[in-house]
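**Q** Pasting a structure here, questions to come.
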Amino acid sequence: MCKIRKFLRACGMVFSDDYYLRPSPDEIRWIQNLLGGLEASDLGIVDGEIENGNGDHRQGIKYIHLYDCNEFSMGVFCLPTGATIPLHDHPGMTVLSRVLYGSLSVNAYDWIKPPDSNHPNFGLVSSTFNDKICDSTSPASVLYPRSGGNIHSVTALTPCGFLDVLTPPYSDAKGRPSTYYSEIPIPFLPGFVILEREVGVPKNLSVTSAPYNGPELFLHSAISMAETREENVYLPKLTEKAAERCEEMVKFMEKVAYKNVEERSIILCSTKYKNVTRAVAMAGQ
Ligand SMILES: [Fe+2]
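Encoded structure:
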């Protein structure tokens with residue numbers, strides 16, 4: 003199976019938008035390792051050149067959409083030298099990223115006190131890192147809802163592209179909007195700043211879509227199921243992960259079985275439960 007399809011299937015198995023079924027640290031490490039093995043060519047990106055249908059090299063930030071569902075979204079941002087994605091956060095999300103080509107600089111913060119109902123437009127953050135330089139030799143990074151640099155800005159030092167996996171994805175309806183911020187320094191408190199919410203998208207930010215030219219991506223297609231069965235290295239790992247998830251699911255269900263009927267039914271209907279049972283069935287074939 004090609005690497006990007008393998009990666010997509012792994013994400014489909016592990017990620018859930020159900021708060022009670024968030025990925026374990028081991029699962030995150032597994033996904034991080036798979037992401038670290040991806041290269042631009044695996045996604046049909048050659049020499050970092052993003053072109054439109056007429057062969058023109060377009061300026062500005064491009065987004066190559068790869069996949070999205072209720073549980074996660076995946077895509078590549080391509081930036082020309084000097085372009086910046088302004089300060090924004092990923093509310094309630096885990097985000098895995100990998101630079102595919104070029105190099106970039108990241109500034110990141112984490113919430114000390116996010117905006118609340120008393121001060122809906124202001125929050126206090128601490129600096130997580132400043133001008134951290136990443137390129138295609140850097141390991142895949144991961145950030146969490148309250149750590150790892152959840153609020154960040156990115157500036158391209160050369161033409162660059164990075165793959166982002168967001169789990170769960172942005173969703174206004176589920177309270178995970180995309181929000182941009184401006185910084186208000188606190189002179190007497192180095193390393194901390196107040197963030198003020200901006201209304202809408204910053205005027206100087208322009209992102210347009212670019213076509214995806216890599217292998218076709220389906221999470222549960224007949225092709226990927228057949229490829230998975232033929233995969234010598236991936237299948238044992240899939241079986242191992244399925245067994246771990248089943249064990250974890252059984253333990254969790256035992257806890258709630260006689261306590262909360264509603265919660266039990268939520269688990270049985272969850273996508274992750276379905277993914278686990280599907281993976282176990284597939285591994286057994
Ligand atoms: Fe981001």
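Numbering-wise (this note's numbering), the sequence shown opens with residue 3 and increments by one.
Here a beta-carbon is modelled for each residue, glycine too, at the ideal position from N, C-alpha and C.
What whole-angstrom Cβ distance do I114 and S129 have, given they're in contact under 8 Å?
**A** That belief does not hold up - the Cβ atoms of I114 and S129 are roughly 11 Å apart, past 8 Å.
**Q** In its own chain, which residues sit with a C-beta less than 7 Å from the C-beta of C162, not counting the 5 before and 5 after it?
**A** L81, V101, Y103, G104, S105 and L106
**Q** At the level of alpha carbons, what is the spacing between P141 and A42?
**A** 14 Å
**Q** Let me confirm a value: R178 is counted as buried when at least 16 other C-beta atoms fall within 10 Å, else exposed. Which label applies?
**A** Buried, because 16 or more other Cβ atoms sit within 10 Å of the Cβ of R178.
**Q** Output needed for T169: all residues of its chain with C-beta closer than 6 Å, excluding positions within five of it in sequence on either side, in chain order.
**A** F17, F74 and T96
**Q** So, with DSSP's three-state summary, where would you put D58?
**A** Low confidence applies to D58: its pLDDT is 45, below 50, so where it sits in the model is not reliable, and the reading given next is rough at best. Coil, per DSSP.
**Q** Please report the Cβ distance between G39 and K64, rounded to the nearest whole angstrom; I am assuming they are in contact, meaning their Cβ atoms lie under 8 Å.
**A** Not confirmed; about 24 Å, so no contact.
**Q** Where does the unbroken alpha helix (DSSP H) through M15 begin, and where does it stop?
**A** K5 to V16
**Q** Please tell me whether, using a cut-off of 7 Å, the distance from the CB of H67 to the nearest non-hydrogen atom of ligand 1 is below it.
**A** no
**Q** For the structure I just gave you, are there three or more beta carbon pairs, one from the segment 178 to 188 and one from the segment 83 to 92, closer than 8 Å?
**A** yes
**Q** By a C-beta neighbour count over all protein chains shown, 10 Å radius and 16 as the cutoff for buried, is F164 buried or exposed?
**A** When all chains shown are included, F164 counts as buried.
**Q** Would the beta-carbon of H90 be found less than 7 Å away from any heavy atom of ligand 1?
**A** yes
**Q** Please report the residue range of the beta strand (DSSP E) in which D133 lies.
**A** F124 to D137
**Q** Tell me the residue span of the alpha helix (DSSP H) that contains I33.
**A** P27 to G38
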